Every structure is written in C-alpha cells, then in structure tokens.
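First residue of the sequence shown? That's 40 in my numbering, and the numbers climb one at a time after it. Even for Gly, the Cβ is constructed at its ideal location relative to N, Cα and C. Please read these numbers as outputs of a predicted model, since none were measured by experiment. Worksheet: the structure to be examined is printed underneath.
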Amino acid sequence: MHPIAARRPRSRGLTCLFVQGLALAAGLAVSRVPAFAQGDVFSSGSPSTPYGAGNTTRRTGKQAVQDDSVYCQQMPDGRVIPQPYGGTRRNIPCGPNFVQRPPAVNRADECLTLAGTFPSRQGVRNAAVHRIAGMQPVSLESVRANGQGAAPGFLVPVANKGTPRLIIKGLPMAETDKNFGCYIKHLIVAPEVKKSRKLEFDSANTKAAVEKIQDPLRRQIFDAMNHTTAMPFVFMTMDEAIKNFNLRVAAIRYMRGIEDRFAYYDPLHPMYIYSKHWTAQDYPAGAGGKVFHTVEGSGAYESIRDLERPRDGLLGGAWDRHHRADCLTSVQMAIFSGVASAVSRVEFDAVHPKGLLFLGLPDEGLNATPRYRSILENIERLSFGGRTIRISDMVPGDWVYMRNDPRYRTLRPKGYANGENALYMGRFAYSGSGAGAYSGDAAPRFSGLGVTSVSEAELKARVSEWFREHTGQSADEREIRWAAVNRPVARRSGLWASK
40 MHPIAARRPR SRGLTCLFVQ GLALAAGLAV SRVPAFAQGD VFSSGSPSTP
90 YGAGNTTRRT GKQAVQDDSV YCQQMPDGRV IPQPYGGTRR NIPCGPNFVQ
140 RPPAVNRADE CLTLAGTFPS RQGVRNAAVH RIAGMQPVSL ESVRANGQGA
190 APGFLVPVAN KGTPRLIIKG LPMAETDKNF GCYIKHLIVA PEVKKSRKLE
240 FDSANTKAAV EKIQDPLRRQ IFDAMNHTTA MPFVFMTMDE AIKNFNLRVA
290 AIRYMRGIED RFAYYDPLHP MYIYSKHWTA QDYPAGAGGK VFHTVEGSGA
340 YESIRDLERP RDGLLGGAWD RHHRADCLTS VQMAIFSGVA SAVSRVEFDA
390 VHPKGLLFLG LPDEGLNATP RYRSILENIE RLSFGGRTIR ISDMVPGDWV
440 YMRNDPRYRT LRPKGYANGE NALYMGRFAY SGSGAGAYSG DAAPRFSGLG
490 VTSVSEAELK ARVSEWFREH TGQSADEREI RWAAVNRPVA RRSGLWASK
C-alpha cells in the first residue's frame, strides 16, 4: 500500500468531496498553476504557523504528508487570499511573507469605460451638444435667418466655452493621464515610433510619459483641435481620429515637396499633368484656366499616387517635365495624397468610384457646372457668419484661402491673383535654408504653389504685391484677409453640416 494512503482514513475522500462542493457553491475560484504537480507540498509548519514555517525535515513529492494550510486560493475578483482549499487540487503556495497583490488592471477595459457609446453619428453629435456649454445644432434655415449666408455642407462655428473641443467616442479630450494613456498617445506619437519603441509606447500611460515620445507636429494638431475657436472636432471612433491625424501629417509632408513635382503655370507653360492617368480640360463656361480629371479606367488611388513621385528635368528648360498647375490644384492634390496615405486603396477608391473629377475648379465655376467635385468628399467646409477668421480657427493640415482686395476681380477679370490657396503647415521657424523644428512659440506657416512656408504677414504682403503688379494700383490692406477654412477628412460625414 502507498505510504500516504496508509495514513489517511477512508472517510477523507467523502470529506474532500463535501468541502469541494462548499467551495464551488461559494463561488471561489481555485487557481491552477500548471508548474506544480498535484498534491505537492511547498512548505509546512505547526498549527501556530498556518502559512508554513519552512520545515525542511518533512518529505516532499508523492511521499509527502498533505498539509493544505500552506496554500492560498484566488477569488473570482482576482484577489489571492490565505484560505486553503480542502482537497488535493492545485492551489497557490503561501508563506509567512505573503503579501496581497491587487489584481492587474486591464488597460483595454479601463479605456472602454471612459467614454460612452452611441448608436449613430447623430447620437455623437447630440452628446457633444450637451457636453459643450452653449452648443446648439445649427440648421440651414437658422443660418439663413441670421443672415450668415452659409450653403449646404458648411460647418457653422459657435463660441468656445473653454471645454475641450476634440471629442472622441463622446468624450472631450481633457488632458488627464487616463486620456493620454487611452487615446491621446495614439494621436500624437508617430506610427514609426510606436513600432520602434513599442515597449515604451505601450507602457506610456501618463501625460508625462507620452510627452517624452510625442511628435511635435502631431502635438500641434492635437492642441489646435482641442482649443479651436471654430466648430469642435467629433470622431465616433479612435480609428477615425487616428486617420485624420495621419492624413494631415501626410498632406503637410506632400506640400513640403510640392516644388519637386509641380511648377506654377505661365503663358509659356500652360497647366498640364504629365501622366497617363490624368487629362486636362478648359474651365467650363470659359472661366479660363484648366481643371483635371483622371482618365477612364484609372483608379483614384493609383492616379494620386502617381503624382507623388518627383519629376526630373530643368525647370523652365527644354527638358522640363514638371507638372504645371495653380495654387488651388496643388492644395487639393496634397489633400488627396494625405487621404490616400492614411487609408487603404480599397477605402480611397470606394470614396471615389468614378475617379477624381474637377480638380482645380474654383467655387465661381460651380454656377455653370455640376455641383459635384471630388474634393468635396474629403473636406468639411467652415462658414464663419461674416466674422473675422483667426489662426485659432485653423489646425495644421487645413486648406485655407486668403483673398485679395475684391477690386482685383473688376480690374483684372481674367487675372489669377484673386487670392492664395495654401495649406496651414503648423508653427515652426523658417529661413531661406529650410524649415526649423516645430515649436508652439514659432509663427504659423503656410505653403502653396507660389509660396513656401510664409507667415501670415508675409502672405498678406505677397498678395498685396500681386495686386500692385497686376493692376498698377495699391491694394486696400484691410481687405486682404482670410476668407475660407476647409478641414480635410478621410470621408465627409456631414456631421454638424446643414443638410
């Protein structure tokens, strides 16, 4: 007979079954530690030392005397308590230095509890309305009644009440450690850093830790969104927010290299794109200039990617192979390139199943053409009700427009200096040798075909100079100002927009 069996009364088996039944009925979960064999004794002691005193004279293994007092068990809520399970199943060994450890926090579960869930975009909008003091939904009828003159598809801003203006999954992005660990770090840390410093990124769950690995441009995008004086930014999911940050960064990157691809057109070099995927046509209704379309059979994604390659040749020389366009077309190209970089080919082509149409068509051309333009699928247009547009209304990656003195249209009906379309590039120092590091203390910079990393004052001066050169008169400086802000999006949702 086995030695351990000789020491146990036969009734012990019934007792074990009874105790096991009581434990299961009480909802106690016995921890299973596969590293130890069933019935092993890890430490032992006298009745006065219930957690074991380390008696090394007693045999272990199959020849050991069973002593359940040295075991703990795990409760359903994750706590480990010094309460032995009356049986021979595997338990957690205890000792005289046993310290209760709190159950591990599931970061994913914690993040999920931070924000509410909403069944639709309308639900997110309604939640945002209630979260932001003074916010009211704006209908096209109310806009017209107030004389703001907005058109369908425009977003109408309201006064900023100090609440965070970036809202994800119904939660305003206040700069708390939890928000940084659950949401903000996914927006302001560059994808390449997430991969190369994965362990550091995964463990960065406080504001201080995330800021050590943040990307300065992405942080500027976050700050500008969260403190915008225009309409708040509302994203239903983290994926939507991440894509928007990514497309803005990619559009800015494209615009930095715009002069490697495009040159401004002139009488000797008309607007043209050297690509089998693209074709040009005159403006409808004889408005002057050209618009671009992808040719039939060319997908939108492959067509815009084709324009990302630098062009070789001497600018203005016999071998010049640069694309020729204007500031409007180049900004739209940058936005399309940014979106294509942030989404998959399938997603991009699904948004533009007929290709990319009417690139470079200005607003005034809409009266004589169909209202559809491909760019309208990837922007949300803001209307400011006649108030002055400020830098605080803009976010890096926005498409902005500074108008010239309105008299220009009368003095030069076919002129091309009605204003300047540009991309807001963010805040950084700049000299003739190139751009410096991004800094929140630096001046805001703007780029487009014809201007490179200029400040707001420099852009105004440039537009004023065009007025004088083209008309022979001095511009009214008070009339040269921001006239439009368009937000790039992976796909226009219509959220906040008038129907």
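Residues that DSSP places opposite residue i in a beta bridge
i, result
"residue 302", "363"
"residue 441", "459 and 521"
"residue 319", "331"
"residue 386", "Paired residue(s): none; residue 386 is not in a bridge."
"residue 206", "211 and 273"
"residue 467", "477"
"residue 486", "462"
"residue 411", "None, per the DSSP bridge assignment."
Integer Cβ distance of residue i from residue j, believed to fall under 8 Å
i, j, result
"residue 247", "residue 224", "Contact doesn't hold; Cβ gap of about 12 Å is too wide."
"residue 311", "residue 488", "Rounded, the Cβ-Cβ distance is 14 Å, inconsistent with contact."
"residue 498", "residue 441", "6 Å"
"residue 205", "residue 284", "The Cβ separation is near 10 Å, so there is no contact."
"residue 245", "residue 209", "Wrong, their Cβ atoms sit about 23 Å apart, outside the cutoff."
"residue 475", "residue 466", "That belief does not hold up - the Cβ atoms of residue 475 and residue 466 are roughly 10 Å apart, past 8 Å."
Residue i and residue j closer than 8 Å at C-beta
i, j, result
"residue 415", "residue 331", "no"
"residue 377", "residue 293", "yes"
"residue 346", "residue 384", "no"
"residue 308", "residue 363", "yes"
"residue 22", "residue 485", "Nothing can be reported for residue 22, as the shown portion of the chain is limited to 40 through 538."
"residue 395", "residue 269", "no"
"residue 257", "residue 290", "no"
Reference residue i; option with closest CA among the options
i, options, result
"residue 412", "490, 391, 518 and 312", "391"
"residue 531", "220, 227, 374 and 336", "374"
"residue 450", "275, 506 and 496", "506"
"residue 460", "400, 309 and 319", "400"
"residue 388", "429, 366, 422 and 333", "333"
"residue 429", "455, 483 and 456", "483"
"residue 266", "212, 380 and 502", "212"
"residue 464", "448, 452 and 436", "436"
"residue 510", "481, 469 and 445", "445"
"residue 517", "431, 443 and 424", "443"
"residue 329", "342, 306, 338 and 339", "306"
"residue 277", "218, 504 and 372", "218"
"residue 252", "275, 291, 233 and 264", "233"
Residue burial classification, residue i (beta-carbon count within 10 angstroms, cutoff 16)
i, result
"residue 95", "With a pLDDT of only 40 at residue 95, under the threshold of 50, the placement of this residue in the model should not be trusted, and no figure is reported."
"residue 358", "Residue placement at residue 358 cannot be trusted, given a pLDDT of 44 that sits under 50; what the coordinates show is reported in the next sentence. That one is exposed."
"residue 524", "buried"
"residue 462", "buried"
"residue 508", "exposed"
"residue 367", "buried"
"residue 259", "buried"
"residue 419", "buried"
"residue 491", "buried"
"residue 235", "exposed"
"residue 254", "buried"
"residue 519", "buried"
"residue 238", "exposed"
"residue 365", "buried"
"residue 296", "exposed"
"residue 512", "exposed"
"residue 426", "exposed"
"residue 348", "exposed"
Proximity test, residue i beta-carbon vs the ligand MN heavy atom, cut-off 7 Å
i, result
"residue 311", "The model on display carries no ligand, and the ligand MN is accordingly not part of it."
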